[in-house]
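First the structure, in the form of structure tokens, and then the observations on it.
2 protein chains.
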Amino acid sequence: MRIALDVMGGDNAPDAILSGALAAADLLGPAGADAAADDAHTVVLIGDRGIIEEGLEEGGLAGDPRYEIEATTEVIGMAESPTKALRGKSDSSIVRMAELGRGSARGGAGTVSADKACDAIISAGNTGACVAAAQMQLRRLPGVHRPGIAVVLPTFHGPVVVCDVGANPEPRAQHLHQYAHMASVYAERIIGVEDPKVSVMNIGGEEEKGTPLVRETNALCRGDEGLNYVGYVEGRELFEGKANVVVTEGFTGNVVLKLAEGLSAGIFKLIAHEIFETDPELAMKFEPVVKKIYAKHDYHEYGGAPLLGANGICMICHGSSEPRTIRNTIRNAIAYQKSGINEAIVERLGCSDHARGAGR
Amino acid sequence: MRIALDVMGGDNAPDAILSGALAAADLLGPAGADAAADDAHTVVLIGDRGIIEEGLEEGGLAGDPRYEIEATTEVIGMAESPTKALRGKSDSSIVRMAELGRGSARGGAGTVSADKACDAIISAGNTGACVAAAQMQLRRLPGVHRPGIAVVLPTFHGPVVVCDVGANPEPRAQHLHQYAHMASVYAERIIGVEDPKVSVMNIGGEEEKGTPLVRETNALCRGDEGLNYVGYVEGRELFEGKANVVVTEGFTGNVVLKLAEGLSAGIFKLIAHEIFETDPELAMKFEPVVKKIYAKHDYHEYGGAPLLGANGICMICHGSSEPRTIRNTIRNAIAYQKSGINEAIVERLGCSDHARGAGR
Numbered sequence: 001m002r003i004a005l006d007v008m009g010g011d012n013a014p015d016a017i018l019s020g021a022l023a024a025a026d027l028l029g030p031a032g033a034d035a036a037a038d039d040a041h042t043v044v045l046i047g048d049r050g051i052i053e054e055g056l057e058e059g060g061l062a063g064d065p066r067y068e069i070e071a072t073t074e075v076i077g078m079a080e081s082p083t084k085a086l087r088g089k090s091d092s093s094i095v096r097m098a099e100l101g102r103g104s105a106r107g108g109a110g111t112v113s114a115d116k117a118c119d120a121i122i123s124a125g126n127t128g129a130c131v132a133a134a135q136m137q138l139r140r141l142p143g144v145h146r147p148g149i150a151v152v153l154p155t156f157h158g159p160v161v162v163c164d165v166g167a168n169p170e171p172r173a174q175h176l177h178q179y180a181h182m183a184s185v186y187a188e189r190i191i192g193v194e195d196p197k198v199s200v201m202n203i204g205g206e207e208e209k210g211t212p213l214v215r216e217t218n219a220l221c222r223g224d225e226g227l228n229y230v231g232y233v234e235g236r237e238l239f240e241g242k243a244n245v246v247v248t249e250g251f252t253g254n255v256v257l258k259l260a261e262g263l264s265a266g267i268f269k270l271i272a273h274e275i276f277e278t279d280p281e282l283a284m285k286f287e288p289v290v291k292k293i294y295a296k297h298d299y300h301e302y303g304g305a306p307l308l309g310a311n312g313i314c315m316i317c318h319g320s321s322e323p324r325t326i327r328n329t330i331r332n333a334i335a336y337q338k339s340g341i342n343e344a345i346v347e348r349l350g351c352s353d354h355a356r357g358a359g360r
Numbered sequence: 001m002r003i004a005l006d007v008m009g010g011d012n013a014p015d016a017i018l019s020g021a022l023a024a025a026d027l028l029g030p031a032g033a034d035a036a037a038d039d040a041h042t043v044v045l046i047g048d049r050g051i052i053e054e055g056l057e058e059g060g061l062a063g064d065p066r067y068e069i070e071a072t073t074e075v076i077g078m079a080e081s082p083t084k085a086l087r088g089k090s091d092s093s094i095v096r097m098a099e100l101g102r103g104s105a106r107g108g109a110g111t112v113s114a115d116k117a118c119d120a121i122i123s124a125g126n127t128g129a130c131v132a133a134a135q136m137q138l139r140r141l142p143g144v145h146r147p148g149i150a151v152v153l154p155t156f157h158g159p160v161v162v163c164d165v166g167a168n169p170e171p172r173a174q175h176l177h178q179y180a181h182m183a184s185v186y187a188e189r190i191i192g193v194e195d196p197k198v199s200v201m202n203i204g205g206e207e208e209k210g211t212p213l214v215r216e217t218n219a220l221c222r223g224d225e226g227l228n229y230v231g232y233v234e235g236r237e238l239f240e241g242k243a244n245v246v247v248t249e250g251f252t253g254n255v256v257l258k259l260a261e262g263l264s265a266g267i268f269k270l271i272a273h274e275i276f277e278t279d280p281e282l283a284m285k286f287e288p289v290v291k292k293i294y295a296k297h298d299y300h301e302y303g304g305a306p307l308l309g310a311n312g313i314c315m316i317c318h319g320s321s322e323p324r325t326i327r328n329t330i331r332n333a334i335a336y337q338k339s340g341i342n343e344a345i346v347e348r349l350g351c352s353d354h355a356r357g358a359g360r
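Quick mapping for you: the protein sequence lines, in order, are chains A and B. So in full-length UniProt numbering, spot 297 of the first sequence is number 297, and the numbers just go up one at a time. So in full-length UniProt numbering, spot 15 of the second sequence is number 15, and the numbers just go up one at a time.
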């Protein structure tokens, strides 16, 4: 498969992105293998030609056919307004990346010739711009109302998939109902959860609680035998193993995601501070414990978050992505295609009853 | 002042509630003091007469004029549907509590005679039922569109007031704009933050981000010189000291509050588990550190959350309230009245420009 990677987007770009791409060489199949083979993959590095050439040179991978260069001259900044940036920077790495994805999604009928088209696009850049560009170019899988971003949150009771976390801040209940299915397919095939328990985020457990949107989504999910629906989940229960999949509108989902990040970081900082005040020697002993926790519950492990429902594979990476985040995202993009997630989504949503397991 | 306390509501009720009420004796002024004196307060204990009498007896406070008994026979369970419970259980402690508050709020014109009326109501019971009963009986302060619950979240950079966390899941921008003012008054007078920095919770820092509700609220706050408005705050920044007051619709606010609780508890559990696995001896040394952190960042310290904008003082306590939570809430109710928060809110909202500091 062909993977389009935005080398210029992210807080640590371009170095961390390039390093991650080169560190993924072992995932791309043997150099010089038949490019049409199932396990032969190409990463298309999008961005400043000089920087990319230098990186390939330094990594000893110059001329390796598993890496292609797609030169662009513009970069969309992390804090730029997505709509303005997309309009103004047509030669940016994000716009080109989405166009490369489009070529594939539309059978090469886009602005990109069929031989250059990519099966997956990956960026750690401006999230709003990525999502907007991907929606514009890739469009939607047949039957999908609106794509949603799914993130995997590590918890004490195993990973939880939360969808949507920002692609769709004002969804209808039908969108959330589809997220339940799409995120279930993702949890099954990428995280390996069998028959994932699905819930709707709400502010209480009783049926009458919450907004009309939440209650309508609850009714749709409860009446759908294709879902292993377990009812509402409260903010507190997100970390208690009640559900494997949690659907919510993108506004709350995004706040949840960022709050979880900020609060975890804050608590560890607080503990480190307090331990150091109490006993500097204890602090040294505590450090390996924190490292072990980070290793086990590290969002970098899960790589980027897929834009589920897009007609193609689109992985949105965290702005602070490190080389291993990018490497893991490339691994996940390959796994995403190999496990046929998009085909399963189409099949599952195409069934009149959204039958559970129909897409397995 | 007279404080109506629901003895029957809460996970640890009635014991923890009664204990907390009795532990607050020193806050109520000297026994036998002139009841009309400014520092003489009465707690009206609402609930099962036998249980309350026994508690007063055991606490050596039977016959103490600072405690009155208001006998009720019904209890609204923590998981009951609020609307059904309020309709069905007219002799419940929550309904009676709200009625006692009403007598005061309406100058004794309610179902309760003027001499029994209370200035503040406190419950750790079914939150939905409390809020609904309070809204129904206390009504709103002049000029207030819709009351909102304000909680104080302890952070590394000091306490942050978040409003609303569940009273108003589908507000209009005008409601959120008023929350900015009401929560500012609360932060100033109860937490002691001078000229608090106000922000609106959003999913990005750029002006164009978020829902129409958020953008409209942003415009109202930005155009209001009466607020020390600092713009949007993201979930991550909630714990980074960017703002002292964060306004949001009750749905997201409630998810945030419960998520923060669940996640903190989860992280501490995780660390304890990991430390124990690494080195049981280290776990023993770590315990006092955790205790120190809990002592410093303990939501029990702040007691209940006020329903800002209610025509009276209504404090909603956490279901898991302990005796000291109740004691602290009684202390806060007294401070709330003494510092004239409701008068300041009315004055501030009454000013055409909502002038900052006008209510000081």
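Cβ coordinates follow ideal geometry from the N, Cα and C atoms, glycine included. Predicted, not measured: the structure shown is a model, and the values here were computed from it.
Residue i - DSSP class collapsed to helix/strand/coil
{"i": "Arg215 (chain A)", "result": "helix"}
{"i": "Leu307 (chain A)", "result": "strand"}
{"i": "Asn12 (chain B)", "result": "coil"}
{"i": "Gly148 (chain B)", "result": "strand"}
{"i": "Ile203 (chain B)", "result": "coil"}
{"i": "Asp187 (chain A)", "result": "Reading off the sequence, residue 187 (chain A) comes out as Ala, not Asp. Helix."}
{"i": "Ser352 (chain B)", "result": "Residue confidence for Ser352 (chain B) is low, a pLDDT of 42 falling below 50, so the modelled location carries little weight; the figure read from the coordinates is stated next. Coil, per DSSP."}
{"i": "Ala71 (chain B)", "result": "strand"}
{"i": "Ala358 (chain B)", "result": "Summary for Ala358 (chain B): the model assigns pLDDT 37, below 50, so the residue's position carries little reliability, and this model does not support an answer."}
{"i": "Val230 (chain A)", "result": "strand"}
{"i": "Lys296 (chain A)", "result": "helix"}
{"i": "Leu153 (chain A)", "result": "strand"}
{"i": "Ile345 (chain B)", "result": "helix"}
{"i": "Arg331 (chain A)", "result": "helix"}
{"i": "Arg140 (chain B)", "result": "strand"}
{"i": "Lys116 (chain B)", "result": "helix"}
{"i": "Ser93 (chain A)", "result": "helix"}
{"i": "Val290 (chain A)", "result": "helix"}
{"i": "Val255 (chain B)", "result": "helix"}
{"i": "Val131 (chain B)", "result": "helix"}
Residue i and residue j closer than 8 Å at C-beta
{"i": "Met97 (chain B)", "j": "Asp11 (chain B)", "result": "no"}
{"i": "His175 (chain A)", "j": "Arg146 (chain A)", "result": "yes"}
{"i": "Ile94 (chain B)", "j": "Gly125 (chain B)", "result": "yes"}
{"i": "Val193 (chain A)", "j": "Tyr229 (chain A)", "result": "no"}
{"i": "Cys314 (chain A)", "j": "Ile121 (chain A)", "result": "yes"}
{"i": "Leu282 (chain B)", "j": "Lys269 (chain A)", "result": "no"}
{"i": "Leu141 (chain B)", "j": "Gly309 (chain B)", "result": "yes"}
{"i": "Val160 (chain B)", "j": "Asn244 (chain B)", "result": "yes"}
{"i": "Val151 (chain A)", "j": "Val165 (chain A)", "result": "yes"}
{"i": "Ala333 (chain A)", "j": "Ile3 (chain A)", "result": "yes"}
{"i": "Ala31 (chain A)", "j": "Asp64 (chain A)", "result": "yes"}
{"i": "Gly303 (chain A)", "j": "Asn328 (chain A)", "result": "yes"}
{"i": "Ala71 (chain A)", "j": "Arg102 (chain A)", "result": "no"}
{"i": "Gly20 (chain B)", "j": "Pro323 (chain B)", "result": "yes"}
Beta bridge counterpart(s) of residue i as assigned by DSSP
{"i": "Cys314 (chain B)", "result": "B:Ile121"}
{"i": "Leu5 (chain A)", "result": "A:Leu45, A:Ile122"}
{"i": "Lys197 (chain A)", "result": "A:Asn228"}
{"i": "Val245 (chain B)", "result": "B:Val161, B:Val198"}
Residue i versus the options, residue with shortest Cα-Cα distance
{"i": "Asn254 (chain A)", "options": "A:Asp64, A:Thr127, A:Ala114, A:Asp48", "result": "A:Thr127"}
{"i": "Val289 (chain B)", "options": "B:Tyr302, B:Gly235, B:Ile275, B:Glu301", "result": "B:Ile275"}
{"i": "Gly266 (chain A)", "options": "B:Glu240, B:Ala219, B:Ile313", "result": "B:Glu240"}
{"i": "Ala134 (chain B)", "options": "B:Ser264, B:Leu86, B:Val161, B:Leu153", "result": "B:Leu86"}
{"i": "Glu287 (chain A)", "options": "B:Thr278, B:Leu138, B:Lys89, B:Ala335", "result": "B:Thr278"}
{"i": "Thr252 (chain A)", "options": "B:Glu80, B:Arg324, B:Gly210, B:Glu225", "result": "B:Gly210"}
{"i": "Val247 (chain B)", "options": "B:Ile293, B:Glu261, B:Tyr179, B:Pro196", "result": "B:Tyr179"}
{"i": "Ser321 (chain B)", "options": "B:Glu301, B:Gly340, B:Asn311, B:Tyr336", "result": "B:Glu301"}
{"i": "Gly319 (chain B)", "options": "B:Gly312, B:Ala305, B:Asn311", "result": "B:Ala305"}
Contact list for the segment 265-296 of chain B against chain A, Cβ threshold 9 Å: Ala265, Gly266, Ile267, Phe268, Lys269, Leu270, Ile271, His273, Glu274, Ile275, Glu277, Thr278, Asp279, Leu282, Lys285, Phe286, Pro288, Val289, Val290, Lys292, Ile293, Lys296
Residues, ordered as in the chain, of the segment 223-244 of chain B that lie near chain A by beta-carbon distance below 8 Å: Glu234, Gly235, Arg236, Glu237, Leu238, Phe239, Glu240
Which residues, in order along the segment 319-340 of chain A, keep a beta-carbon less than 9 Å from a beta-carbon of chain B? none
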